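Student:
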Amino acid sequence: MNLDSKIPEGPIADKWDNHRFSSKLVNPANKRKYKIIVVGSGLAGGSAAATLGELGYNVDCFCYQDSPRRAHSIAAQGGINAAKNYQNDGDSVHRLFYDTVKGGDFRSREANVYRLAQVSTNIIDQCVAQGVPFAREYGGLLANRSFGGAQVSRTFYARGQTGQQLLLGAYSALSRQISSGQVKMHTREEMLDIVVVDGHAKGIISRNLTTGETNAWTADAVLLCTGGYGNVYYLSTNAIGCNVTATFRAYRRGAGFANPCFTQIHPTCIPVAGDHQSKLTLMSESLRNDGRVWVPKKAEDASKHPNDIPESDRDYYLERKYPSFGNLAPRDISSRSAKEACDEGRGVGPGGRGVYLDFSDSITRLGESAIRERYGNLFQMYERITGENAYQRPMRIYPAIHYTMGGLWVDYNLMTTIPGCFALGEANFSDHGANRLGASALMQGLSDGYFVIPYTIGDYLAKAGAGAISPDSAEVKEVMESVRERVDQLISSKGKRSSRSYHKELGQIMWEYAGMARNEKGLNKAIGQIQDLRDDFNKNLLVPGSGDNLNAELERAGRVRDFLDFGELLCRDALERNESCGGHFREEHQTEDGEALRDDENFAHAAVWEYDSDDKIPSRHQEKLTYDNVKLAVRSYK
Amino acid sequence: MKLFLKVWRQSDRNDEGRFETHTLDEVSEDSSFLEMMDQLNEQLLEEGTEPVVFDHDCREGICGMCSLTINGHPHGTENSTTTCQLHMRKFEDGDTITIEPFRARAFPVVKDLVVDRSAFDSITQAGGFITVRTGSAPDGNALPVPKNDSDRAMDAAACIGCGACVASCKNASAMLFTSAKAGHLNMLPQGQAEKDKRVLAMVSAMDEAGFGNCRNFGECSAACPKDISLDYIAKLNRDHIKAKIKSVFA
Ligand SMILES: Cc1cc2nc3c(=O)[nH]c(=O)nc-3n(C[C@H](O)[C@H](O)[C@H](O)COP(=O)(O)OP(=O)(O)OC[C@H]3O[C@@H](n4cnc5c(N)ncnc54)[C@H](O)[C@@H]3O)c2cc1C
Ligand code: SF4
Ligand code: FES
């Protein structure tokens, strides 16, 4: 597998400029001869499709929802980073670069991260011009807030709906291109495979979710902007439809999959309430500024009403273990500590999987109205879901899967190991290394779509030349047949178990053995259990109805089938990465105080998996990561 | 709790459709309305019938995909709440709940509880944008925007495009949705250059898509999960008249 990262020559600050200058261009009159497929309409896909259409390319854009505006980017709350230094507090491109590399626990590619920091400023300009109503100060200028992992205020936000507003901005630009005919939008159309001809990506096969038709689309390049795979855990903060199918199918056709074990867990989510639970809801991390995290000291107190547990019987474990960061310890560390407390039987709420986040001290100190002003909407959301009043009794929180740093391996041009197939946004293995900082995913999605791909794709297209193959060609038909077979096989499964029940069970295995803490024994066990579950799925799955109309069960069955394969790959990657770093915590590798222990000598690389066949274990390749501009250091939060 | 469900079934756009009645036992009051629907579907699977299809995705009140009419009310009767955010503790043991799709001429039923809301996309495509080429924008702080204007633009921009406003309106008018989108952009200095054009184009796209006329019943704003205010409709009406007059003299 060729893992040439194509990092341009020169000092880090000049690489992107040099690269743009040395890239080939497609002349404006020729652009209309090229066809580009964009799968996904989130921040990455929406911005890419709009910009490429604007440049004159013929774009086909796909999403599985009924409108491009509903991509899961819409759910992001907190904000988007940019090195504007509007606050004059010492921010700079270099500082954003440094924070991101360090936050990623030194497992990302320097050159990409630097470029991300450079274009971050253009993103804000672009979005403001589109009419994104960012928060403003009284003087009318843009406001900022601070976010985890940074000592400067560089986060731009639109109330608690930043993702929504940025996506509506991209959607409006996309809508303009759709109305001009430059982009054709295909909604409720799910990509099920990619067509590779002579080693180059030449099209996709999709299923129209309303009519059940299998369709072939061909083009000169294919962009996968299909989001993350957090739903392999069943319960996550992702939307129900988020899936790995598009990227996993590309992997099966030759695209390397990088670092699947790098997953991020968010410490402040509303805990699971019962077996009916279908997804988890994130509560802004900002709550930890005024809430104190605790569990009872004694396991037998766990079922008591929290207000009946005296101060002396409470364990404020974050404050105890991390006196200087206390309740503001980073995401991975506070998540693991919550798990430990619950493993010891001290967890609270249904199933004993929760810890308290207590505002009573802050309410006493600042008054209820001050807390209401800061977090009123979150308390309301909490009450809606749990039926509990957090002004009167502590909130219950628990960590949940939130984001996936792993994804398709891409070079500096965002091209996967299949020439002509690009991956953008959360779908690629991205710029976040082993851990993403808050407010940096939105930045990356828009950077990839608005500012990177429009340049880098030109170089590929100019060299490859225009010439989309016919959808009727033999190579396309062959892939189409294999997709039809796969769908037919699912629809003829008339066993006893629903795809949801398999998904749930897979999620339990993943969460137990490949969740917040992992070890060799557990991961091996998980791999065995997943294989058994998959065998059972192949025999006993029940898919009702037919394939020629809207059939949500069939859609889910296909996604779960890919998750079953992918879950195994994730565990394998976690097993082989014999170190702890960022969101990947291997219990065998920790300091005496239980902190993550990185192994830079053996693991300062991206692990890239290459598919062979269903009966063979995929092979693991490495892209060595070098750090010339940032010094490798140990993260410490004591 | 135990529930009696009257659920709308319709195999496709041309089918007449009918209610089907189901009894659901042991519904947790902690589950959301859509989780209750999941439970119904698992039961239907066990019984060997086809599950009910309904739209949903984020399940946290922001994507605008969920769209059920519950006991005659789009998104149910709770204020400022989408169907996916509604929880079963708001119902009583033994309740009968009627579940239908969002009903409007411009939103044809696709199947069961799923409707086609692509008419909203066409309204946005007609003019719900500011023309700005990628890379051509001036510095974000080059143009200060009064905080008040920006906040009001944000109030309008909070619309999730769910269509409850249309479904609740006797005339199935899309005025609240259209006025929210137009209002968001028209209130900002960036949106001024194309204001008249935008207003005319969006309103005529709305009419062409088959939405009814606005008669100021106000049901839309009451049903809106994001509390979009009727003021935006008044503003769109004013902007529309101005744009019309200008177009006559232009
Ligand atoms: C609750 C929550 C809060 C967050 N808050 C923040 C925050 O404050 N700041 C921040 O920076 N990041 C945040 N994130 C992360 C961030 O929102 C995402 O990483 C980012 O929006 C992903 O964008 P995307 O364009 O890559 O993918 P998505 O927005 O997920 O879009 C994926 C697109 O692909 C399409 N698609 C998927 N599969 C297929 C298929 N097989 N066929 C056809 N189409 C397909 C979908 O229809 C969709 O259009 C948050 C994430 C969550 C879940
Ligand atoms: S105005 Fe309200 S009800 Fe109408 S689409 Fe927007 S959010 Fe939904
Ligand atoms: S499912 Fe997204 S708003 Fe209800």
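Residue numbers (our numbering), protein chains in the order written: chain S, 236 to 873; chain Y, 2 to 251. Each residue gets a CB set at the ideal place from its N, CA and C atoms; glycine is no exception. Note that the structure is predicted; figures quoted are calculated from it, not measured.
Looking at the secondary structure, which residues open and close the beta strand (DSSP E) in which G438(S) lies?
Tutor: Taken as a continuous stretch (DSSP letters only), the beta strand (DSSP E) holding G438(S) covers H435 to N443.
Student: Leaving aside the five residues before and after R549(S) along the sequence, list all residues of the same chain whose C-beta is less than 7 Å from its C-beta, in chain order.
Tutor: Closer than 7 Å at the Cβ level, and outside the excluded window around R549(S), lie W529, P531 and K532.
Student: Go ahead and label D156(Y) buried or exposed: buried means 16 or more other beta carbons lie within 10 angstroms of its beta carbon, across all protein chains shown.
Tutor: Looking at its Cβ environment, which holds 16 or more other Cβ atoms inside 10 Å, D156(Y) is buried.
Student: Would you say N624(S) faces chain B, with C-beta separation under 8 Å as the test?
Tutor: You won't find chain B in this structure, because its protein chains are S and Y.
Student: Keeping to the same chain, check which residues put their C-beta closer than 7 Å to that of K241(S); ignore five residues upstream and five downstream.
Tutor: Once the five neighbours on either side are set aside, the close Cβ partners of K241(S) are D646, Y647 and N648.
Student: Note down the Cα distance separating G184(Y) from I161(Y), rounded to an integer number of angstroms.
Tutor: In a straight line, the C-alpha of G184(Y) is about 14 Å away from that of I161(Y).
Student: Compare the Cα-Cα distances from I309(S) to each of Y233(Y), G62(Y), L87(Y) and G77(Y) and report the closest residue.
Tutor: The candidate whose alpha carbon is nearest that of I309(S) is G62(Y).
Student: Going by C-alpha distance, which of C656(S), E579(S), G763(S) and I726(S) is nearest A787(S)?
Tutor: Ranking the options by Cα distance to A787(S), first place goes to I726(S).
Student: Let me make sure I understand the geometry here. Which of R14(Y), G128(Y) and H57(Y) has the alpha-carbon closest to that of P109(Y)?
Tutor: Among R14(Y), G128(Y) and H57(Y), the Cα nearest to that of P109(Y) is on R14(Y).
Student: What residues match up with M650(S) in a beta bridge as DSSP calls it?
Tutor: Answer is F657(S), bridged to M650(S).
Student: Under 6 Å Cβ to Cβ from S381(S), same chain only, skipping five residues before and after it: list those, please.
Tutor: Excluding sequence neighbours, S381(S) sits near S388.
Student: If we count Cβ pairs, one from each stretch, closer than 8 Å, do we get three or more for the stretch 412 to 426 of chain S versus the stretch 284 to 298 of chain S?
Tutor: The stretch 412 to 426 of chain S vs the stretch 284 to 298 of chain S: in contact.
Student: Short of 8 Å in beta carbon distance, which residues of its chain neighbour D910(S), apart from the five on each side in sequence? Order them along the chain.
Tutor: With chain S running from 236 to 873 in the structure shown, residue 910(S) is simply not present.
Student: Using a Cβ-Cβ distance cut-off of 8 Å, determine whether E788(S) contacts chain Y.
Tutor: Yes, contact with chain Y.
Student: Taking a cut of 8 Å between CB atoms, which residues from the stretch 74 to 92 of chain Y lie near chain S?
Tutor: Those would be T82, Q86, H88 and R90, in chain order.
Student: Check whether chain Y comes within 8 Å of H540(S), counting only Cβ atoms and requiring the distance to be less than that.
Tutor: Taking Cβ atoms only, chain Y never reaches closer than 8 Å to H540(S), which makes this a no.
Student: If you draw a straight line from the alpha carbon of S400(S) to that of E603(S), how long is it in whole angstroms?
Tutor: The sequence given here places Gln at residue 400(S); Ser does not occur at that position. Q400(S) and E603(S): Cα-Cα distance of roughly 30 Å.
Student: Quick one: which chain S residues come within Cβ less than 7 Å of M155(Y)?
Tutor: P368, A393 and R394, listed in chain order.
Student: Examine chain S for any beta-carbon lying closer than 8 Å to the beta-carbon of F130(Y), and answer yes or no.
Tutor: Chain S, which has a Cβ nearer than 8 Å to the Cβ of F130(Y), makes this yes.
Student: Roughly how many angstroms lie between the CA atoms of T97(Y) and S302(S), to the nearest whole one?
Tutor: Going by the C-alpha atoms only, they are around 32 Å apart.
Student: So G730(S) and K760(S) are supposed to be a Cβ contact under 8 Å. How far apart are they, rounded?
Tutor: 25 Å between Cβ atoms; not a contact.
Student: Considering just the uninterrupted stretch of the alpha helix (DSSP H) at V328(S), what are its terminal residues?
Tutor: Segment V328 to G338, the alpha helix (DSSP H) holding V328(S).
Student: Tell me whether E740(S), by its Cβ, gets closer than 7 Å to a heavy atom of ligand 4.
Tutor: In the structure shown, ligand 4 is absent; the only ligands present are ligand 1, ligand 2 and ligand 3.
Student: Within 7 Å: the Cβ of P102(Y) and any heavy atom of ligand 2?
Tutor: For ligand 2, not one heavy atom lies less than 7 Å from the Cβ of P102(Y).
Student: In the DSSP output, which residue or residues are listed as bridge partners for Y233(S)?
Tutor: Beyond the ends of chain S as shown, which are 236 and 873, falls residue 233(S); an answer cannot be given.
Student: For ligand 3, I want to know if I161(Y) counts as a neighbour, meaning its beta carbon is within less than 7 Å of at least one of the ligand's heavy atoms.
Tutor: Correct: I161(Y) has its Cβ closer than 7 Å to ligand 3.
Student: Ends of the beta strand (DSSP E) at V843(S)?
Tutor: H840 to E845 is the span of the beta strand (DSSP E), which, as asked, contains V843(S).
Student: Closer than 7 Å: is that where the CB of R619(S) sits relative to any heavy atom of ligand 3?
Tutor: Not so, every heavy atom of ligand 3 lies at least 7 Å from the Cβ.
Student: Can you tell which of L470(S), K319(S) and D723(S) has its C-alpha closest to the C-alpha of E740(S)?
Tutor: Selected option, being the one with the closest Cα: L470(S).
Student: May I ask you to check if the CB of E790(S) is nearer than 7 Å to at least one heavy atom of ligand 1?
Tutor: E790(S): no, Cβ never under 7 Å from ligand 1.
Student: Give the DSSP bridge partners of M420(S), in chain order.
Tutor: In DSSP, M420(S) forms a bridge with C296(S).
Student: Given this structure, state the Cα-to-Cα distance separating L553(S) from E101(Y), to the nearest angstrom.
Tutor: Rounded to whole angstroms, L553(S) to E101(Y) spans 48 Å at the Cα level.
Student: In the DSSP output, which residue or residues are listed as bridge partners for H23(Y)?
Tutor: In the DSSP output, where bridge partners are listed per residue, H23(Y) has L6(Y).
Student: Could you tell me which chain S residues have their CB closer than 7 Å to the CB of K112(Y), listed as they occur along the chain?
Tutor: Near K112(Y) (Cβ distances below 7 Å), the residues of chain S are N784 and L785.
Student: I440(S): which of G611(S), Y591(S), L427(S) and F497(S) sits nearest, CA to CA?
Tutor: Checking every option, the nearest Cα to that of I440(S) belongs to L427(S).
Student: For D240(Y), tell me which candidate among G211(Y), E27(Y) and V204(Y) has the shortest Cα-Cα distance.
Tutor: That would be V204(Y), whose Cα lies nearest to the Cα of D240(Y).
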